[in-house]
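Student: Residue numbering for the sequence shown is 1 to 564, as defined by UniProt numbering. For glycine and all other residues, C-beta sits at the position ideal for the given N, C-alpha and C. It should be emphasised that the depicted structure is a prediction, and the values quoted were computed from it without experimental measurement. I am attaching a structure below and will ask some questions about it afterwards.
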Amino acid sequence: MSSLKAIGRGYGDFSDSDKYFDEADELLSFVDAYDDHHEFDQGLEFDYVIQDGESRMTNSQQNNALDFDMSKLNITFHESLKGTLLDDDDDDRIDNLIVPDLSTLLANIQLAPASEIAYFYLQNTIGLPDEVMWKITNKHGSVLGFTVQNLEQKISLLRRMMNLTDEDVRTILTKQPPILHLSATRNISPTILFLVRALDLSKMELRSLVVAYPCILCYSMQNLSKKLDFYRSELELDTNQIRELLLSDPRLLCAAVESLEMRLGFLHREIKIPIKDLQTIIRKNPRIMLYSLMDNLQPKIISFFIMRLYMDPKDIVKLLTSYPSIMDYNLDNHMLPIARYFLTELEFSPMELKKILLKFPRLMTHSMFKIKHVVGFLRFQLGMDADEVKRILYQAPQVISLSTDDTLVSKVNFLEKEFQLQDVDLRKVISGMPSLLCCDLEKNLRPKVVYLMEEFANDALELRQAIITLPTLLGYSLDKRIKPRMERLKDVGVEPIKITVGITMTDDNFEKWLENKRIRIENGGKLLKHNSIRATASDNDEIEGDSDDNIPLQEDNRFMHWKR
């Protein structure tokens, strides 16, 4: 430094050497910055915390004010010369300035090796890409004022406490460079220990949380504790449930408690969703607690579900508990166009659309193209009229989820071939039992056809007539309904075709009907026309409907004529 300040003596005209003085002034500033940099205490890190999404400096940071600003480091050339480079007799101008060459200047500068400079440590050793270094330099430049030893201590602590890989470290610093402002002993370590103890986290679970959202480590322990208390007291979740919830979506630790309380108040107190049901809904789809109240939750639940589709609170609970991810879809660009298509082009009423949506909320997962494609297949390739299409969509809306090129075609071809159905009969069978299209072909339909064909003594025409007469026959469980009823018919001596009558009855009525048949057979030696017992299905006897996406059907057991 002394050699640099002894550049020359006397006064002179600076106009001819402005470029040199600019370079010299820059060099002097750099050297002063380097000297001051080594005077900084290694512990000059920030107690940097985030309060509900806002980053703030604590007192230690404000007290430092970080004297590391350029006002301290920018010592001008003229100030450097003062009292050292000038004659005591000359106070107003500089003469006879001695200007050494640049090589002489550089020879007297001792620069720190790259390994001891924070910028090159982060870039070369840690491996941060150029765009991240640009972000750190422009937005978090104070990080570059720390010593390499200081940065190594923090990064080593993160690695050790969470078994981080090099890529994990790069991911964390790319997402959250301010984490390097934190003190290893006053911030990072206590926060990690707090999370581990409060949530009973393993190292892998902690790693999952921090790598996904490293900003979690920038919150104060008071802030984190307040959020955990919300899930424990307001949602009534235990520690294991809270841990599972946060691991499924770590952003829940980044949401402000006030916002969480507003969303919970709306769902619980205004929409009347019980806390137990809310637990199920939120654990299935944690994003519900992150959505905007004004822009998402209220428009969808109040404007769409309640006002447009006439859903009551019980309907809302049923819809959200069965498929809470329905709240993830855009209202204006996705849900409303589908609703308009069903209400206008297909001419469903709002109440009918409500029942369709409650039965199959995943309707909203499909695009308009997919829905129209399936409707076109039913209408034009199978030749069904509008009422038959509406009946299928109303009773088995799961058909929308099936592939027209594979699943639907294979099932239609199977029914047509096995029962020798013509176009009219095929449409009658499918519209009479729409959920047949949702049954698994190999595990459900084919075993039933094989069994019935054996019981009908391979009489394909008689079996065909039975299926046309009662398409719902193929909807009943093979082991729980078809086989037991067929065995009882054989025991009494009733012909197999009568399964179309007996299959629909309750157990009590079926036994009474069989007893009458047995008495008539014994007295008259022949079967008499049954007209004494009305065929009614039990409320507990549900027709099977195993769709390809494992969505249970809730069909009425009786043949339902289409009506608005």
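What are the uninterrupted segments assigned as alpha helix (DSSP H) that are 4 or more residues long and contained completely in the region 331–361, given in chain order?
Tutor: 336–340, 350–359, all fully within the region 331–361.
Student: By alpha-carbon positions, which one of Asp312, Leu245, Ser189, Ser401 ends up nearest to glutamate 270?
Tutor: Looking at the Cα atoms, Asp312 is the closest of the given residues.
Student: Give me the Cα-Cα distance between isoleucine 242 and lysine 354, rounded to the nearest whole angstrom.
Tutor: Between isoleucine 242 and lysine 354, the C-alpha separation is close to 33 Å.
Student: Going by DSSP in three states, tyrosine 394 sits in which element: helix, strand or coil?
Tutor: Three-state result, tyrosine 394: helix.
Student: Consult DSSP for tyrosine 219 and reduce its assignment to one of helix, strand or coil.
Tutor: DSSP places tyrosine 219 in strand when its eight states are reduced to three.
Student: What first and last residue would you give for the alpha helix (DSSP H) that runs through glycine 127?
Tutor: Here glycine 127 belongs to no alpha helix (DSSP H), and DSSP marks it neither H nor E.
Student: Let's see if you can read the secondary structure: which residues bound the alpha helix (DSSP H) around arginine 464?
Tutor: 460–469 is the extent of the alpha helix (DSSP H) around arginine 464.
Student: Buried or exposed, going by whether 16 or more other CB atoms sit within 10 Å of the CB of isoleucine 275?
Tutor: Exposed: under 16 other Cβ atoms inside 10 Å.
Student: Is proline 113 helix, strand or coil by DSSP?
Tutor: It is coil, neither helix nor strand.
Student: With distance defined between alpha-carbon atoms, name the residue in Ala339, Ile356, Leu378, Ile519 nearest to serine 367.
Tutor: Checked all of Ala339, Ile356, Leu378, Ile519; the closest Cα to serine 367 is Ala339.
Student: Within a Cβ cutoff of 7 Å, which residues of the same chain sit near methionine 162, ignoring the five residues on either side of it in sequence?
Tutor: The answer, listed in chain order, is Lys203, Leu206, Arg207, Val210.
Student: Which value, in whole angstroms, describes the spacing of the CA atoms of asparagine 516 and arginine 464?
Tutor: Their Cα atoms are separated by approximately 27 Å.
Student: Can you give me the Cβ contacts of tyrosine 291 inside the same chain, cut-off strictly under 7 Å, excluding the 5 residues immediately before and after it?
Tutor: Leu297, Met327.
Student: How many whole angstroms separate the CB atoms of leucine 180 and threonine 239, which I take to be in contact at a CB cut-off of 8 Å?
Tutor: Actually they do not touch by this definition, with Cβ atoms about 31 Å apart.
Student: Using a Cβ-Cβ cut-off of 8 Å (strictly less than) and excluding sequence neighbours within five positions of glutamate 236, which residues of its own chain qualify?
Tutor: Correct list, in chain order: Ile275, Gln279.
Student: Indicate the three-state DSSP secondary structure (helix, strand or coil) for glutamate 236 in the structure shown.
Tutor: Glutamate 236 falls in the coil class under three-state DSSP.
Student: Which value, in whole angstroms, describes the spacing of the CA atoms of leucine 343 and leucine 382?
Tutor: Taking the straight line joining both Cα atoms gives about 23 Å.
Student: Looking at the unbroken alpha helix (DSSP H) that takes in serine 183, where does it start and where does it end?
Tutor: Segment: none, serine 183 is in no alpha helix (DSSP H) and carries neither H nor E.
Student: Helix, strand or coil: which one does DSSP assign to asparagine 413?
Tutor: Of the three classes helix, strand and coil, the one that applies to asparagine 413 here is helix, per DSSP.
Student: Which whole runs of the alpha helix (DSSP H) in the region 267–334 are 4 residues long or more, in chain order?
Tutor: Counting whole runs of 4 or more residues, the region 267–334 contains the alpha helix (DSSP H) stretches 275–284, 313–322.
Student: Drop a sphere of 10 angstroms on the beta-carbon of serine 349, count the other beta-carbons inside from all chains shown, and report buried for 16 or more, exposed for fewer.
Tutor: By the 10 Å Cβ count, serine 349 comes out exposed.
Student: Within its chain, find whatever has a CB closer than 6 Å to the CB of alanine 396; leave out the 5 residues flanking it on each side and keep chain order.
Tutor: The residues are Pro434, Ser435, Cys438.
Student: Given this structure, state the Cα-to-Cα distance separating residue 577 from serine 431, to the nearest angstrom.
Tutor: Residue coverage of the chain in this structure runs from 1 to 564, which leaves residue 577 outside it and unanswerable.
Student: Would isoleucine 216 and cysteine 254 qualify as a contact pair, given that the criterion is a beta-carbon distance under 8 Å?
Tutor: Yes, Cβ-Cβ distance for isoleucine 216 and cysteine 254 is below 8 Å.
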